[in-house]
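Trainee: Take this structure first; my questions come after.
Residue numbers (our numbering), protein chains in the order written: chain A, 7 to 421; chain B, 1245 to 1469.
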């Protein structure tokens, strides 16, 4: 639910109940006030009537408003007020009255006096109050609508522009800074805090990337020493079988480490965009030369590699990265192909599609491009090949997808 | 052949010197930018191996001095940075080749030999070992005067062995020499084995001897016995 909706809803519920209470209160207070006013008026009229009768000696009566009857002296009653309903013959309907009943002795005679006055009908009274309250309420809603439409939108606009800018944030964009400005202090503060946060994220990310690169780089020289020392050791004449196999396993481990650091360094360098030089690349010739380098593996598995080039498919990229992309995708396809099958490479203007037959994927497809993620833990690979492919695609804004249909695994790169 | 090794890691210098000396090369080392300048101004060298990261300066800046004082010398750059920038810059400035750490000594030796062939034999060169003769211009191998029908990879492997003769060459080193970055993918050792089997067979067909010996299951050695 949006902020405006939420506040509006709360405001609506609260004001509606406030108005209902106010209406009820108005009704109660007003009817009490009117009653006391009416009582006073009835009492005045009674006093006035007694004076008139005393002065003129005429017993004045005007039913149903004034009724005067002579009563025996014994029936003295105190004035009391009550509501009653009488039938109005002229209007042919029941009409509510307020009446004052009392006795008075005039010229030593006892009279019962009833003074009446019409009451406003309760339902009419209530309806009037409801209508008034409701119209004020509607007026308020109109004001609220106006405020939201004009004022709120203006007040919140810096917030929304900050939000829009923030959505475009990427840790690779080192020059990212929020620029929207407004005159609202809270949002200015928010902007400052966010700018601080994003610059910290960016710099931390840069440090991390730098670190990977520096660490891999620093490992290279000691590794060179280990490898060359072991290679010299192997040259020694008269090594026993046992010594040779120990040297060999140390040598294998150091080779593996060398390959790993090389891949990590390569990955870090792509991330750090250090392969800036680009040129027009003939992808087909790269594919053919890579296929030649893999020829033993292709022959070994009795695979056939079918290359369908669209004439003149070229793109601008770094040769080294393009080679690496093809190498990793083709190498992967060969590795995971079932024997005696076909690898198909389709090359069109704007896309590169490679597919191979193989057993169903043992891993989750969405994790395929994750670093150090591999199908089986026993596998010799580091699980960096497809991450390198992914990183290359990111560097050039290429779109890469993996699909699987009836054990046909297809990777598509859209340039 | 006189070689100057400009490298600050003394352990690495020792390993390289050890390997190259037994190949009959004369090695000298300079561990700092300053010492390298000193040596370059004093002596002449045939091949210079230059590490770009020196404690007191950037190796790239030495290239001009090398070109000035030792214009005939072959220049091989060694770097741990694996940076294309450095490679491009180095080659632009006049370096002849570029090798990334860590490397196999056999690979380094093969690069130096190939550099020496290009530099000092004006592009014409033949490597001879008893009845086997390799012409590195025409990429042809002859045994007892008869041309062998080798594939490109078989040729590369045989040349690698001839350049590093009497040495144990590991299978990893061969794999990286032949397949480069592609060597991480497949089980290359079987492929190396079958290539070597083919080379042996083809040499034997021309009445040549088998000089390729299996060593402890680690690798191979190209030698007389």
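Positions of the beta carbon are idealized from the N, C-alpha and C atoms, including for glycine. Note that the structure is predicted; figures quoted are calculated from it, not measured.
Would you kindly check if the distance between the Cβ of residue 203 of chain A and the Cβ of residue 394 of chain A is under 8 Å?
Mentor: It is not a contact, given that the beta carbons lie outside the stated cut-off.
Trainee: What residues in the segment 1368-1385 of chain B bring their beta carbon closer than 8 Å to a beta carbon of chain A?
Mentor: So nothing in the stretch comes that close.
Trainee: Distance, Cα to Cα, residue 442 of chain A vs residue 316 of chain A?
Mentor: Coverage of chain A is limited to positions 7 through 421, which leaves residue 442 of chain A absent and any answer about it impossible.
Trainee: Starting from residue 1463 of chain B, trace the alpha helix (DSSP H) both ways and give me its first and last residue.
Mentor: First-last for residue 1463 of chain B: 1463-1466, but that is the beta strand (DSSP E), not the alpha helix (DSSP H).
Trainee: When we look at the beta-carbon of residue 166 of chain A and count the other beta-carbons within 10 Å, is it buried (16 or more) or exposed?
Mentor: With fewer than 16 other Cβ atoms within 10 Å, it is exposed.
Trainee: From residue 1292 of chain B to residue 366 of chain A, what does the alpha carbon distance come to, in whole angstroms?
Mentor: Computed Cα separation, rounded: 53 Å.
Trainee: Taking beta-carbon pairs under 7 Å, can you tell me which members of the segment 216-236 of chain A lie near chain B?
Mentor: Residues passing the 7 Å Cβ filter: 223, 226, 227, 229, 230, 231, 233, 234 and 235.
Trainee: Taking the alpha-carbon positions, what's the residue 358 of chain A to residue 1342 of chain B distance?
Mentor: Using only the alpha carbons, I get a separation of about 32 Å.
Trainee: So, is residue 1395 of chain B buried or exposed, given that buried needs 16 or more other C-beta atoms within 10 angstroms?
Mentor: So residue 1395 of chain B ends up on the exposed side.
Trainee: Examine chain C for any beta-carbon lying closer than 8 Å to the beta-carbon of residue 1394 of chain B, and answer yes or no.
Mentor: No chain C is part of this structure, whose protein chains are labelled A and B.
Trainee: Using the C-alpha atoms, what's the distance from residue 1438 of chain B back to residue 1465 of chain B?
Mentor: Using only the alpha carbons, I get a separation of about 16 Å.
Trainee: Can you check DSSP and say which residues form a bridge with residue 93 of chain A?
Mentor: According to DSSP, which records beta bridges pairwise, residue 93 of chain A is partnered with A/100.
Trainee: Just to confirm, are residue 121 of chain A and residue 110 of chain A a CB contact at a threshold of 8 Å?
Mentor: No. Outside cutoff.
Trainee: Do residue 391 of chain A and residue 337 of chain A have their CB atoms nearer than 8 Å?
Mentor: Yes, the Cβ-Cβ distance between residue 391 of chain A and residue 337 of chain A is below 8 Å.
Trainee: In chain order, what residues of the same chain have a beta carbon less than 6 Å from the beta carbon of residue 1392 of chain B, not counting five sequence neighbours either side?
Mentor: Excluding positions up to five away in sequence, the list reads 1385 and 1446.
Trainee: Distance check for residue 1380 of chain B and residue 1460 of chain B, CA to CA, integer angstroms please.
Mentor: Cα to Cα, the separation comes out at about 30 Å.
Trainee: The alpha helix (DSSP H) spanning residue 254 of chain A covers which residue range?
Mentor: Taken as a continuous stretch (DSSP letters only), the alpha helix (DSSP H) holding residue 254 of chain A covers 247-277.
Trainee: Going along chain B in order, which residues have a C-beta closer than 8 Å to the C-beta of residue 299 of chain A?
Mentor: Per Cβ cutoff of 8 Å: 1423, 1424 and 1426.
Trainee: At 7 Å on the CB atoms, spell out the chain A contacts of residue 1262 of chain B, in chain order.
Mentor: Within 7 Å Cβ-Cβ: 238.
Trainee: Mind listing which residues of the segment 1393-1418 of chain B have their C-beta closer than 7 Å to chain A's C-betas, in chain order?
Mentor: Flagged, chain order: 1411, 1412, 1414 and 1416.
Trainee: What distance in whole Å lies between the Cβ atoms of residue 1276 of chain B and residue 1298 of chain B, which are believed to be in contact at a cut-off of 8 Å?
Mentor: Confirmed, Cβ separation roughly 6 Å.
Trainee: Any idea if residue 91 of chain A is buried or exposed, counting beta-carbon neighbours within 10 angstroms, 16 or more meaning buried?
Mentor: Answer is exposed; the Cβ neighbour count stays below 16.
Trainee: Would you kindly work out how many angstroms separate the C-alpha atoms of residue 375 of chain A and residue 1278 of chain B, rounded to a whole number?
Mentor: Taking the straight line from one Cα to the other gives about 47 Å.
Trainee: Any beta carbon of chain A sitting closer than 8 Å to that of residue 1345 of chain B?
Mentor: Yes - at least one Cβ of chain A is within 8 Å of the one on residue 1345 of chain B.
Trainee: Out of curiosity, what's the CA-to-CA distance linking residue 47 of chain A and residue 53 of chain A?
Mentor: Their Cα atoms are separated by approximately 10 Å.
Trainee: Measure the Cβ-Cβ separation of residue 1317 of chain B and residue 1417 of chain B and say whether it is below 8 Å.
Mentor: No. Outside cutoff.
Trainee: Between residue 393 of chain A and chain B, is the shortest Cβ-Cβ distance under 8 Å, so that the two count as touching?
Mentor: Not one chain B Cβ lies under 8 Å of residue 393 of chain A.
Trainee: Locate the alpha helix (DSSP H) running through residue 391 of chain A, then write down its first and last residues.
Mentor: Per DSSP, residue 391 of chain A belongs to the alpha helix (DSSP H) from 391-402.
Trainee: Measure the alpha-carbon distance for residue 162 of chain A versus residue 173 of chain A and round it to whole angstroms.
Mentor: Distance between the alpha carbons of residue 162 of chain A and residue 173 of chain A is about 17 Å.
Trainee: Could you name the residues of chain A that residue 1317 of chain B contacts, counting a contact when the two beta carbons are closer than 7 Å?
Mentor: Going along chain A, no residue has its Cβ under 7 Å from residue 1317 of chain B, so there is no contact; the nearest lies around 23 Å.
Trainee: Below 8 Å on C-beta distance, what does residue 1267 of chain B contact in chain A?
Mentor: Simply none; closest approach about 11 Å.
Trainee: Quick check on residue 1452 of chain B: buried or exposed, where buried means 16 or more other Cβ atoms within 10 Å of its Cβ?
Mentor: When all chains shown are included, residue 1452 of chain B counts as buried.
Trainee: Is residue 1280 of chain B close to chain A, meaning its C-beta is less than 8 Å from at least one C-beta of that chain?
Mentor: Answer no: the Cβ-Cβ gap between residue 1280 of chain B and chain A never drops below 8 Å.
Trainee: Do you know offhand how far residue 35 of chain A's Cα is from residue 56 of chain A's?
Mentor: C-alpha separation (whole angstroms): 32 Å.
Trainee: Three or more C-beta pairs closer than 8 Å, one from the segment 135-149 of chain A and one from the segment 24-33 of chain A: is that the case here?
Mentor: Enough Cβ pairs lie closer than 8 Å, so yes.
Trainee: Between the segment 308-315 of chain A and the segment 259-277 of chain A, do three or more beta carbon pairs fall short of 8 Å?
Mentor: Taking 8 Å as the limit for Cβ pairs, the verdict is that the segment 259-277 of chain A does not touch the segment 308-315 of chain A.
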